[in-house]
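What follows is a short report on a single structure.
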Amino acid sequence: MKHESVTAGWTVTATAGSVPVTAQGTFAATVPGSVHTDLLAVGAIDDPYDDANESALEWFHRTDWRYATTITPAQADPAAPGERVDLVFEGVDTVAAIRLGETLLGETANMHRGYRFDVTDLLAGSELPLTVDLTSATTWAEALRDRLGDRPGAYSPRPFNFVRKMACSFGWDWGPDLRTVGLWKPVRIERWTTARLAQVRPLVGVAADGAGTAAVHVNIERSGRESATPVQVRVSVSGVEGTATIPADEDGAVLTLRVPDAPLWWPVGHGEQPLAELSVELRHEEQLLDGWSRRIGFRTVEIDTGDDEHGSKFTIVVNGRPIEVRGANWIPDDHFLTRITRERLGRRFDQALGANLNLLRVWGGGIYESDDFYELADERGLLVWQDFLLACAAYAEEEPLRSEFEAEARENVVRLMTHPSLVLWNGGNENLWGHEDWGWKERLGELTWGQEYAEKLFADIVAELDPTRPYSANSPFTPRRTPEQAHPNDADRGTHHQWDVWNRIDWSAYSNEIPRFCSEFGFQGPPAWRTLTDHVHAADGGPLTALEEPCADPVFLIHQKADDGTGKLDRGMEPHTGVPRDFEDWHWAAQLNQARAVRHAVQHYRSWWPRTAGWIVWQLNDCWPVVSWALVDHAERPKPVWFALRRASAPRALYLAPRDGVLSLVAVNDTDEIWGATAEVRRETFAGERYAESSPALEVPARSVQVVPLEADLSTAKDASAEVLVAESDGLRAVHTFAEDVALQLDPAPLEATVEKTEGGYRLDVRARSFAADVTVHPDRLAPDATVDDGVVSLPAGAQVSFFVSTTAELDPAELTSARVLRSANDLRAVGVRPAAPIRPSGNPATDPTAAPATPATPTDAVQENS
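Quick note: the sequence shown uses the working numbering, first residue 16, plus one each step.
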């Protein structure tokens with residue numbers, strides 16, 4: 016097998032549409048790439064991530080393009096006797112006609128699969144033009160919608176559910192509407208003789224005696240240029256080999272290998288991640304025809320969905336061990352997919368691990384991620400939940416869509432099944448729930464809507480191709496029940512999405528339910544200050560801070576995609592911190608409220624393990640600079656919520672939370688060792704005067720939770736506005752205030768701070784004269800590369816913490832301790848506030864906030880480590 020890349024010499028030209036003068040003509044094209052990035056590289060368009068430039072690029076939606084290059088004479092060498100030559104496109108975005116010379120090779124309408132064309136008879140040793148004519152995916156999808164009948168979706172009339180293209184390319188409530196187009200994966204020529212490896216499908220497992228097993232299904236394609244002949248297959252892993260001959264009249268074989276005492280692959284926090292190279296060779300006599308290799312890991316996985324006294328479980332079990340899932344939802348890390356590198360993915364994975372997460376869910380409105388993504392997950396022990404690519408819409412089950420769904424599912428199941436990190440196939444996002452609740456039934460009538468995909472097609476494909484992994488029909492999903500028997504989003508059964516909190520009610524309501532597995536929940540907050548101000552300026556070109564109401568600025572709102580998003584942020588913070596008038600204070604309060612909301616949810620969910628077997632916060636990452644639910648913004652800067660989540664999801668954590676009406680100390684131990692310790696619990700004034708103390712013993716078994724009810728003198732305040740409950744053990748600290756910030760007598764300037772220059776940056780030593788809530792440093796305000804190692808730290812009176820700021824810049828130490836950089840919840844008590852924005856109906860049944868007002872808030876709980 017010979018591979019030759021076809022990535023040089025490409026050009027791109029608009030062939031139809033209302034194209035501005037700056038984008039007319041022919042431009043050099045990068046393959047893999049997209050038209051947007053090509054035009055951006057030569058200055059033909061402004062950066063769509065800046066200001067209001069996204070809106071200026073709507074002409075892209077209905078423009079057709081031609082990619083062109085030349086197959087050189089060397090590439091066009093005639094096929095040798097018995098040789099087959101294929102032209103392979105790994106990914107085309109999206110609707111295209113591909114020609115070599117005057118010959119139409121084929122047409123594409125799916126960016127989630129590859130295409131292979133036999134060009135053997137077209138090569139004669141002379142150069143040939145290769146063209147790819149790309150039709151607007153929007154107009155193509157609209158035409159199909161007109162033919163098949165409209166189906167409802169979260170962002171109608173955008174027709175993302177009528178074309179097999181990344182759904183969020185059409186915009187989402189956190190992403191831009193840019194509708195990319197291009198050759199987004201490599202193009203190559205492959206030359207081969209006799210036969211090639213068409214498919215290698217290893218079913219990897221662990222036998223009852225602990226031996227690793229790999230049943231390797233090998234399928235071949237024969238060249239057809241000579242009489243079929245027997246070929247040999249050799250498979251090897253961990254020093255074990257197997258061979259087989261595929262007879263001339265057959266096209267496949269199964270070779271089963273057994274690896275004695277194979278080391279198990281474990282999720283992070285449960286063991287090591289040993290990987291073994293599995294290789295396959297295809298030979299004819301002594302000639303190597305083709306080869307294939309991947310790294311595999313020996314492990315088993317199942318989902319326990321058994322019924323119990325609380326409903327139906329949803330527990331991921333790896334190697335027989337139930338795993339407490341601490342996860343984040345994953346969206347494409349850049350709207351322009353070809354800018355996502357392995358190095359960038361590695362940094363994002365390390366941020367997930369740094370927040371003590373052990374699972375990423377690849378959400379159904381994005382893409383099947385690159386091989387790099389899953390390889391990095393394998394190496395790091397991050398579990399992967401993989402959606403099939405349906406999201407928040409009804410999908411027609413007729414042709415041509417059904418065949419495309421099947422083709423992409425088959426291709427990607429086989430491509431990804433080698434990865435031990437992949438533990439679940441999921442049939443789509445919010446499709447079953449949407450059909451039940453969002454008014455779809457009335458609009459659909461007798462039209463198909465995707466039920467067959469979720470409940471049969473994908474399930475059958477997984478059962479056929481990858482029976483080693485479990486399948487779930489959707490997220491959310493109630494196992495073994497029809498909607499008439501149990502709601503698809505029933506918190507007591509299977510997986511659950513909690514979006515009432517963001518859309519309609521206060522975040523304190525997270526603790527009103529005990530879900531079996533919460534696969535989506537989250538709260539919005541703005542990106543880091545520099546990320547926002549580097550990309551977003553006011554409509555008049557000036558800074559956002561110069562406006563009286565920057566949150567209503569039309570340019571700012573282009574970077575806030577959620578229905579009534581700023582109104583929800585206002586109403587979400589009003590009962591907790593109040594709504595600051597000044598934009599810089601508003602920015603900090605919104606970030607802080609996001610951190611507190613997610614922290615509250617995670618503490619509650621973890622306190623109910625194993626009844627609540629896991630949670631997946633929405634979302635880890637951003638695809639562009641935007642106000643969103645992300646833990647890490649598009650410039651890769653962790654938001655305060657990342658620090659809050661890191662503490663709340665630590666393997667060992669302390670919380671203070673109500674349980675059965677009694678304020679309790681909750682100790683979570685997700686390690687293999689018993690946690691034996693003594694906790695120190697005290698109720699004191701903000702100034703540090705102690706009123707009550709206790710020293711409860713902790714004896715928390717491995718992978719368990721202990722709940723210790725507290726005595727009344729600890730759990731009841733004399734003055735709820737001026738007291739705090741503090742619990743400490745083994746370097747961990749939890750704090751609980753008896754009222755919300757708006758009712759607390761917090762010292763607005765409680766901190767003393769000193770700065771010392773150190774190697775690689777600065778150490779900021781902070782001491783609290785009075786109780787200081789959620790102390791956070793924002794060093795990016797001083798230098799673009801400045802980062803800090805900690806944040807959202809609550810300090811009782813007399814406590815201190817050191818923050819380490821890394822930067823190559825020379826900073827003024829006084830600036831590091833200034834009010835705009837060193838912040839706490841306390842300083843919001845000294846700022847002016849305004850009423851929250853009124854509720855604005857959205858018309859979207861999935862996100863309409865008018866159903867109910869915000870519920871009353873509950874006191875704030877915090878968890879942290881001592882320094």
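Glycine included, C-beta positions come from ideal geometry on N, C-alpha and C.
Leaving out five residues before and five after glutamine 288 in sequence, what residues of the same chain have Cβ atoms less than 6 Å from its Cβ?
-> So the list reads Trp280 and Gly396, once near-sequence residues are dropped.
Which residues bound the alpha helix (DSSP H) around aspartate 728?
-> If you look at aspartate 728, you'll find it in the alpha helix (DSSP H) that goes 727 to 730.
Among the residues of its own chain, which have a CB less than 7 Å from the CB of tryptophan 544, if the five just before and after it don't count?
-> So the qualifying residues of the chain are His602, His793, Asp795 and Arg796.
Find the nearest neighbour of threonine 85 within the set Ser141, His51 and Asp66, judged by alpha-carbon distance.
-> Comparing Cα positions, the closest option is Ser141.
Residues bridged to valine 340 (per DSSP) | In the DSSP secondary-structure assignment, valine 340 is bridged to Gly629.
Taking the continuous beta strand (DSSP E) assigned at glutamine 513, which residues delimit it?
-> Element bounds for glutamine 513: 511 to 513.
Can you name the start and end residues of the alpha helix (DSSP H) that valine 103 belongs to?
-> Run containing valine 103: none in the alpha helix (DSSP H); it sits in the beta strand (DSSP E), 98 to 104.
So does the segment 101 to 111 actually touch the segment 198 to 212, counting three or more Cβ pairs closer than 8 Å?
-> Remark: three or more beta-carbon pairs, one from each stretch, lie closer than 8 Å, so the segment 101 to 111 and the segment 198 to 212 are flagged as touching.
Beta-carbon proximity check, serine 809 vs aspartate 789, cutoff 8 Å = Aspartate 789 is positioned such that its CB atom lies closer than 8 Å to that of serine 809.
Leaving out five residues before and five after isoleucine 261 in sequence, what residues of the same chain have Cβ atoms less than 7 Å from its Cβ?
-> Close CB contacts of isoleucine 261 within its chain, under the 7 Å cut and outside five residues either way in sequence, are with Ile235, Pro245, Val246, Val248, Gly267 and Ala268 (chain order).
Limits of the unbroken beta strand (DSSP E) element including threonine 791 = In this chain, the beta strand (DSSP E) harbouring threonine 791 covers 787 to 792.
Evaluate contact between the segment 492 to 506 and the segment 455 to 462, counting only Cβ atoms and requiring at least three cross-stretch pairs below 8 Å.
-> Between the segment 492 to 506 and the segment 455 to 462 there are fewer than three C-beta pairs closer than 8 Å, too few to call the two in contact.
Through-space distance from threonine 752 to alanine 469, alpha-carbon basis = Alanine 469 and threonine 752: Cα-Cα distance of roughly 46 Å.
Please check the pair valine 642 and histidine 574, which I expect to be a contact at CB under 8 Å, by giving their CB distance rounded to whole angstroms.
-> A Cβ-Cβ distance of about 6 Å is found for the pair valine 642 and histidine 574, placing them in contact under the 8 Å criterion.
Quick one: Cα of alanine 801 to Cα of glutamate 599, how far?
-> Going from the Cα of alanine 801 to the Cα of glutamate 599 covers about 19 Å.
What are the complete beta strand (DSSP E) segments, minimum 3 residues, inside the segment 185 to 239?
-> Segments of the beta strand (DSSP E) lying fully in the segment 185 to 239: 185 to 187, 190 to 192, 202 to 208, 210 to 221 and 227 to 237.
Tell me whether isoleucine 113 is buried or exposed, calling it buried when 16 or more other Cβ atoms sit within 10 Å of its Cβ.
-> Under the 10 Å beta carbon count, isoleucine 113 is surrounded by 16 or more other beta carbons and is classified as buried.
Bridge partners of lysine 772, per DSSP?
-> According to DSSP, which records beta bridges pairwise, lysine 772 is partnered with Tyr777.
Would you report the Cα separation of leucine 333 and arginine 314, rounded to the nearest angstrom?
-> The sequence shown places valine at residue 333, not leucine. Each residue's Cα considered, the two are about 7 Å apart.
Verify whether the separation of the beta carbon atoms of leucine 368 and valine 283 is less than 8 Å.
-> Leucine 368 places its beta carbon less than 8 Å from that of valine 283.
Rounded Cβ spacing between proline 673 and leucine 843 (contact assumed at less than 8 Å) = Going by Cβ atoms, the distance from proline 673 to leucine 843 rounds to 25 Å, so no, they are not a contact pair.
Is glycine 164 helix, strand or coil when you go by DSSP?
-> Three-state result, glycine 164: coil.
Could you give the distance in angstroms between the alpha-carbon of serine 622 and the alpha-carbon of threonine 22?
-> For serine 622 and threonine 22, the distance between alpha carbons rounds to 53 Å.
Own chain, CB closer than 7 Å to leucine 888, minus 5 neighbours either side, in chain order = The question about residue 888 has no answer, for the chain in this structure spans 16 to 882.
Excluding the 5 residues preceding and the 5 following phenylalanine 818 in the sequence, name in chain order all residues of the same chain whose CB lies nearer than 6 Å to its CB.
-> Within the same chain, Cβ atoms closer than 6 Å to the Cβ of phenylalanine 818 are found at Leu779, Val792, Val803 and Asp805, the five residues on either side in sequence being excluded.
Taking all protein chains shown into account, do 16 or more other C-beta atoms lie within 10 angstroms of the C-beta of valine 215, making it buried, or fewer, making it exposed?
-> Valine 215 comes out buried.
Whole angstroms is fine: what's the gap from threonine 700's alpha carbon to glutamate 825's?
-> Between threonine 700 and glutamate 825, the C-alpha separation is close to 39 Å.
From alanine 612 to arginine 160, what distance separates their C-alpha atoms?
-> The alpha-carbon separation between alanine 612 and arginine 160 amounts to approximately 40 Å.
What separation, rounded to the nearest whole angstrom, lies between the Cα atoms of tryptophan 80 and leucine 831?
-> Looking at the two C-alpha atoms, the distance is approximately 51 Å.
Keeping to the same chain, check which residues put their C-beta closer than 6 Å to that of proline 871; ignore five residues upstream and five downstream.
-> Any answer about proline 871 is weak, because its pLDDT of 39 lies below 50 and its placement is not dependable; what the coordinates show is given next. Around proline 871: no qualifying Cβ.
Within 8 Å, strictly: CB atoms of proline 541 and threonine 548 = When the beta-carbon positions are compared, proline 541 and threonine 548 stay at least 8 Å from each other.
Proximity to alanine 707 [Cα-Cα], best of His450, Asp756, Arg697 and Asn841 = Measuring from the Cα of alanine 707, the nearest candidate turns out to be Arg697.
Give me the Cα-Cα distance between alanine 866 and glycine 227, rounded to the nearest whole angstrom.
-> Confidence at alanine 866 is low in this model, with a pLDDT of 40, below 50, so the placement of that residue should be treated as unreliable; the coordinate-derived value is given next. Put simply, the backbone Cα of alanine 866 is about 54 Å away from that of glycine 227.
Counted within 10 angstroms of its Cβ, other Cβ atoms place threonine 258 as buried (16 or more) or exposed | Result: exposed.
Straight-line Cα distance separating tyrosine 130 from glycine 587 = Taking the straight line from one Cα to the other gives about 48 Å.
Inter-residue Cα distance where the pair is arginine 661 and histidine 552 = Each residue's Cα considered, the two are about 32 Å apart.
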